[in-house]
Amino acid sequence: MSKGIFTDKMHEPSKKEIFEALSSVKPLWDKLIGFIEDNYKITGEFKFYGKNFGWALRYRKSSRVLISMYPGDNEFMVQIILNGKEVEKALKLDLASGTEKIIEETNPIREGKWLYLEVTPDTDLTDIKNLISVRSPIKK
């Protein structure tokens, strides 16, 4: 199963296709994009990550990927990569038990832990925003 639903490399999904797929989670998609763009002054780009992942909206800060967002049917998946020190910082946060469990159970690979967090209509974005801030602190 892929992380996102748009897995055809030859067809970059349009905004209309993405918004239709997201359906009831589109407001959460928009809120997360607003948080990223307002706080980091960056714009996203669509990138194809292969048939097992599909197309994702990727945000980079300097040379590091801050977050990748994979649109799905009435949900989306976010990927945040944390290195060892960032994992330690994240585990000191007041995270939901489900998020903490994902961090603890994810096996480290190469540069750190690749965390995949599912966003559904019931998701509170606080943990995701906090993990993004661990990855790249917000400058006030």
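Under this note's numbering, residues 683 to 822 are what the sequence shown spells out, in order.
For glycine and all other residues, C-beta sits at the position ideal for the given N, C-alpha and C.
Which of helix, strand or coil DSSP assigns to residue i
| i | result |
| --- | --- |
| T689 | coil |
| G726 | coil |
| S750 | strand |
| I820 | coil |
| E757 | coil |
| G766 | helix |
Classification of residue i by the beta-carbon crowding that lies within 10 angstroms, buried from 16 upward
| i | result |
| --- | --- |
| Q780 | Inspection of the sequence shows that residue 780 is occupied by Gly rather than by Gln. Exposed. |
| R817 | buried |
| M683 | A caution first: M683 carries a pLDDT of 46, below 50, which makes its placement in the model too unreliable to give a value. |
| D776 | exposed |
Nearest-angstrom Cα separation, counted from residue j out to residue i
| i | j | result |
| --- | --- | --- |
| K774 | A738 | 29 Å |
| R740 | F758 | 13 Å |
| T725 | L764 | 21 Å |
| S744 | D720 | 16 Å |
Practice item. At 4 residues or longer, and completely inside the segment 776-809: list those alpha helix (DSSP H) runs for me, N to C. Key: 779-787
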